[in-house]
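Before any comments, here is the structure.
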Amino acid sequence: MDEDGAGTSEAPSPPPPLEWKFSQVFGERTAGEEVQEVDIISAIEFDKSGDHLATGDRGGRVVLFERTDVRDFGRRRDLERLDNSTLRHPEFRYKTEFQSHEPEFDYLKSLEIEEKINKIRWCQTPNGALFLLSTNDKTIKYWKVQEKKVKRISEMNLDSSLSVGNGCMASSSTSSPGAYLPNGGCLERPYPSLSNDFSFPPGGFSSLHLPVVVASQETSLVARCRRVYAHAHDYHINSISNNSDGETFISADDLRINLWNLEISNQSFNIVDVKPTNMEDLTEVITSMEFHPTHCNMLAYSSSKGFIRLIDLRQSALCDSHSQLFEERETPGSRSFFTEIIASISDIKFAKNGRHILSRDYMTLKLWDISMNSGPVAAFQVHEFLRPKLCDLYENDSIFDKFECCLSGDGLRVATGSYSNLFRVFGCVPGSNEAMTLEASKNPMRRQVQNPTRPARSLSSLTRVVRRGAENTSIDANGNNYDFTTKLLHLAWHPSENSIACAAANSLYMYYA
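Just so we're aligned, residue 1 is where the sequence shown starts under the UniProt record's numbering, counting upward by one.
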């Protein structure tokens with residue numbers, strides 16, 4: 001730009017690829033160790049600050065982790081003032097865990113309800129306590145986790161060295177015909193349950209000391225379920241999402257989306273209903289849903305047909321119509337038996353700024369601009385090399401695996417999982433060729449191969465980008481076939497730093513760059 005401020009500036013060059021390093025692992029398996037089904041992680045979520053991480057498993061448990069390296073330097077805003085060279089990479093430690101859901105049985109429908117945690121979402125924290133939502137297939141619960149001081153009882157009536165058991169002299173249900181004196185004295189010999197060395201003073205006790213509860217300096221973490229939101233979904237809940245207003249949230253199953261108030265558990269409002277009058281006319285189901293990060297009236301949901309619908313709650317109470325429809329048109333002549341199956345979107349995420357939506361189907365990651373519904377602005381091939389194997393994947397049900405996706409806080413990169421406990425990281429800035437394949441292990445670069453990628457092609461001012469990853473091979477960097485029994489379905493990106501948490505069976509791996 002010239003001195004007068006006129007002219008056009010060149011597009012910024014894409015950032016260099018990140019170098020990912022192993023940070024931590026929780027629940028690492030030893031060689032040959034068998035993984036219990038209930039221990040497999042089924043949900044991962046960072047809170048908005050990035051100082052806490054929650055995981056849920058198939059056994060209905062929620063495990064919380066807290067960041068430790070922040071406390072060494074103060075809060076995050078103090079860290080940002082320091083030189084980056086002095087900062088340590090993010091480190092977390094185990095904080096607490098609790099049983100969120102138990103297995104249930106619906107006697108009306110003769111249906112077993114698994115305790116598996118499908119989703120976890122952090123809520124706003126008005127005080128020092130932590131609040132989060134967790135859900136299984138049918139029931140959503142609102143949890144409060146806080147530190148409480150351990151309370152003890154002091155100033156007991158009797159000397160603890162003379163008392164028996166828990167300090168109670170005798171039960172009120174055991175009566176004796178003997179005469180009693182004031183303050184608990186007794187004319188006859190003491191009860192057999194008391195020590196033989198114990199005796200009442202003549203005339204009884206001079207005064208009766210009521211037990212006093214005092215708070216000690218010790219603290220313990222207590223998880224308490226504040227609300228239970230049940231009996232609102234006939235089908236399995238696949239998504240929950242908090243609203244930016246801090247007061248409401250939405251839950252979605254295959255056919256309906258309900259709006260809840262956090263403080264009201266016995267009433268919800270149905271805002272989306274795609275159930276046809278005749279179920280034989282059903283052509284698509286809801287697969288994922290999320291609120292806009294800043295606009296409390298906007299939400300997006302995806303379908304099994306590969307559509308993403310953006311709806312505005314201000315338009316009507318029942319949002320049968322959408323304000324935007326995002327779809328990628330089929331290439332003529334490319335339709336096959338598997339077309340609709342692999343087009344089904346398994347997960348969507350809004351970017352932090354709310355301008356873009358990231359979607360994951362079986363084959364690709366797509367980035368959409370909410371102001372342009374003609375097609376994705378970027379597409380990243382994740383499983384293109386599996387296209388010749390779709391028949392085999394259909395036979396072993398792997399084609400129905402639901403992989404999650406995530407975006408970095410700065411919106412420069414996206415990530416998703418794959419098979420053989422691998423995950424992919426792509427740069428989504430125009431001109432970026434970054435496409436990393438990493439393994440969920442202590443050596444993430446062990447199977448790394450820098451895949452050939454097509455350079456970004458600027459098609460418009462909104463830069464439509466098409467980038468391809470490893471599409472010519474179905475083997476990893478070591479020449480081994482992909483293992484379809486080990487799949488990395490769940491991962492989350494730290495909201496403000498280049499740090500990724502991902503789940504490989506029962507192990508939680510964390511990486512930083």
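Using N, Cα and C, we set each Cβ at its ideal position, and we do this for glycine too. It should be emphasised that the depicted structure is a prediction, and the values quoted were computed from it without experimental measurement.
Asked                                                                                                                                                                         : Found
Specify the secondary structure class of residue 296 as computed by DSSP and reduced to three states.                                                                         : coil
Do you know offhand how far residue 458's Cα is from residue 304's?                                                                                                           : Residue confidence is low: residue 458 scores 31 on pLDDT, short of 50, so the model does not pin down where it sits. No coordinate-derived value is stated.
Kindly indicate which residue of 116, 125, 218 has the alpha-carbon position closest to the one of residue 140.                                                               : 116
Enumerate in chain order the residues of its own chain whose CB-to-CB distance from residue 560 is below 6 Å, with the five nearest sequence positions on each side excluded. : With the chain covering 1 to 513 only, the question about residue 560 has no answer from this structure.
May I have the straight-line CA-CA distance separating residue 306 from residue 102, to the nearest angstrom?                                                                 : 33 Å
Following the continuous beta strand (DSSP E) through residue 357, name the residue where it begins and the one where it ends.                                                : 356 to 360
Tell me, please, which residues DSSP counts as bridged to residue 38.                                                                                                         : Note: residue 38 sits in no beta bridge, so no partner.
Put residue 328 into one of helix, strand or coil per three-state DSSP.                                                                                                       : coil
Considering only their Cβ atoms, is the gap separating residue 508 from residue 26 smaller than 7 Å?                                                                          : yes
Going by other Cβ atoms of all chains shown within 10 Å of its Cβ, with 16 needed for buried, is residue 390 buried or exposed?                                               : buried
Whose C-beta lies closer than 6 Å to the C-beta of residue 124 among residues of the same chain, with five residues either side of it excluded?                               : 246
Can you grab the Cα-Cα spacing for the pair residue 39 / residue 443, in whole Å?                                                                                             : 23 Å
Please report how far the alpha carbon of residue 401 lies from the alpha carbon of residue 416, in whole angstroms.                                                          : 13 Å
Thinking just about the alpha-carbon of each residue, which of 292, 274, 264 is nearest to the one in residue 235?                                                            : 274
If you draw a straight line from the C-alpha of residue 150 to the C-alpha of residue 127, how long is it?                                                                    : 19 Å
Can you tell me whether DSSP reads residue 502 as helix, strand or coil?                                                                                                      : strand
Which runs of the beta strand (DSSP E) at least 3 residues long sit entirely within the stretch 267 to 294? Give them in chain order.                                         : 286 to 291
Give me the Cα-Cα distance between residue 411 and residue 216, rounded to the nearest whole angstrom.                                                                        : 47 Å
I'd like the span of the beta strand (DSSP E) that includes residue 412, first residue to last.                                                                               : Careful: residue 412 lies outside any beta strand (DSSP E) and carries neither H nor E.
Taking C-alpha atoms, which residue in 295, 336, 272 lies nearest to residue 318?                                                                                             : 272
Rounded to whole angstroms, what's the CA-CA distance from residue 587 to residue 210? Just pull it up for me.                                                                : In the structure as shown, the chain starts at 1 and stops at 513, and residue 587 therefore has no counterpart that could be examined.
Any contact between the stretch 238 to 256 and the stretch 358 to 371? By contact I mean 3 or more CB pairs, one from each, below 8 Å.                                        : no
Can you give me the C-alpha to C-alpha distance between residue 55 and residue 63, rounded to a whole angstrom?                                                               : 5 Å
At the level of alpha carbons, what is the spacing between residue 221 and residue 94?                                                                                        : 12 Å
Just to confirm, are residue 131 and residue 495 a CB contact at a threshold of 7 Å?                                                                                          : no
Closest to residue 489 by CA distance: which of 361, 154, 230, 100 is it?                                                                                                     : 361
Classify residue 419 as helix, strand or coil using the three-state DSSP reduction.                                                                                           : strand
Quick one: what does DSSP say residue 386 is sitting in, helix, strand or coil?                                                                                               : helix
Helix, strand or coil for residue 450 per DSSP?                                                                                                                               : Since pLDDT at residue 450 reaches only 44, below the 50 mark, its modelled position is unreliable, and the value read off the structure follows with that caveat. DSSP places residue 450 in coil when its eight states are reduced to three.
Can you give me the Cβ contacts of residue 37 inside the same chain, cut-off strictly under 7 Å, excluding the 5 residues immediately before and after it?                    : 58
In whole angstroms, what separates the C-alpha of residue 322 from that of residue 16?                                                                                        : 39 Å
Give me the residue from 237, 243, 392, 398 with the minimum Cα distance to residue 114.                                                                                      : 237
Please look up how many angstroms separate the CB atoms of residue 520 and residue 120, rounded, as I've assumed it's under 8 Å.                                              : The chain is shown only over 1 to 513; residue 520 falls outside these bounds and no answer can be derived.
Once DSSP output is grouped into helix, strand and coil, what is the label at residue 51?                                                                                     : coil
What span of residues does the alpha helix (DSSP H) with residue 339 cover, start to end?                                                                                     : 339 to 343
Out of 61, 34, 67, state which residue places its alpha-carbon closest to the alpha-carbon of residue 49.                                                                     : 67
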